[in-house]
Structures are given as C-alpha cells and as structure tokens.
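Trainee: Residue numbers (my numbering): 221 to 308.
We put the CB at the ideal spot given by N, CA and C, even for glycine.
This one's a predicted model, so the numbers in the text were calculated from it and none came from an experiment.
Take a look at the following structure, please.
Structure, rendered in structure tokens:
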C-alpha cells in the first residue's frame with residue numbers, strides 16, 4: 221500500500237521553489253506512478269547570438285564546405301564546434 225504524497229508548499233518566488241527542490245527529493249511529494257510523459261513540441265533550446273571574427277580565408281573555406289554539403293555555413297560552423305567540444 222502506497223502512502224499519500226506530502227503536500228507541496230506554496231512558494232513566494234521561483235528562487236524559493238528552486239532552493240526547496242534542490243534540498244528535497246520529489247518522490248515524497250509526487251506520486252510518480254501516475255505520471256504521464258509530456259510532449260513539449262514548441263520547446264526550443266536556449267541560444268545566444270555571438271559575434272565571431274574569422275580570417276577571411278577560413279570563412280571562405282567554410283562557405284565552400286557548406287555549399288558542397290548544401291547547408292548554411294552558420295549551421296556547419298555550429299555542427300563542427302559541437303563535434304569538437306563533444307570529442308574532448
């Protein structure tokens with residue numbers, strides 16, 4: 221027999237709620253056996269625009285490589301940077 225979950229306190233702000241969940245296990249407050257998978261179809265990853273100065277020759281080479289792959293050169297730069305970071 222499972223016990224009734226504790227009631228979740230009312231928080232004054234997001235910082236207070238974040239501190240609470242960092243210090244407490246959610247299994248005492250939520251019955252995860254009744255949970256359903258959510259589909260967040262409009263969720264977009266957080267991004268930030270940056271300015272990146274590249275030597276002209278390097279940029280031309282990247283654009284040529286992107287053209288050969290039929291992708292925007294900015295996308296190719298992101299893919300290459302991501303692969304390089306993950307390889308570390």
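Suppose you measure from the CA of residue 278 to the CA of residue 226; what does that come to, to the nearest Å?
Mentor: As a first step, residue 278 must be located in the chain shown, where it is residue number 58. As a first step, residue 226 must be located in the chain shown, where it is residue number 6. C-alpha separation (whole angstroms): 59 Å.
Trainee: Would residue 304 be called buried (16 or more neighbouring beta carbons within 10 Å of its own) or exposed?
Mentor: For the purposes of this step, residue 304 is taken as residue 84 along the chain shown, with counting starting at 1. By the neighbour-count rule (16 or more Cβ atoms within 10 Å), residue 304 is not buried but exposed.
Trainee: Would a C-beta distance cut-off of 8 Å place residue 296 and residue 286 closer than the cut-off?
Mentor: Sequence index remark: in the chain shown, residue 296 carries index 76 (1-based). Sequence index remark: in the chain shown, residue 286 carries index 66 (1-based). Yes, these two residues count as a Cβ contact at 8 Å.
Trainee: Could you pull the start and end residues of the alpha helix (DSSP H) that residue 278 belongs to?
Mentor: Against the chain shown, residue 278 aligns to sequence position 58. Per DSSP, residue 278 belongs to the alpha helix (DSSP H) from 276–289.
Trainee: On the three-state DSSP scale, how would you describe residue 221?
Mentor: Position 1 of the chain shown holds residue 221. With a pLDDT of only 44 at residue 221, under the threshold of 50, the placement of this residue in the model should not be trusted, and no figure is reported.
Trainee: I'd like the ranges of any alpha helix (DSSP H) spanning at least 4 consecutive residues and lying wholly in the region 230–262.
Mentor: List check, alpha helix (DSSP H) in window: 234–243.
Trainee: Output needed for residue 237: all residues of its chain with C-beta closer than 6 Å, excluding positions within five of it in sequence on either side, in chain order.
Mentor: The residue you call residue 237 lines up with position 17 of the chain shown. Excluding residues within five positions, the ones whose Cβ falls inside 6 Å are 231.
Trainee: Quick check on residue 298: does DSSP put it in helix, strand or coil?
Mentor: Working through the chain shown from its first residue, we reach residue 298 at position 78. Residue 298 falls in the helix class under three-state DSSP.
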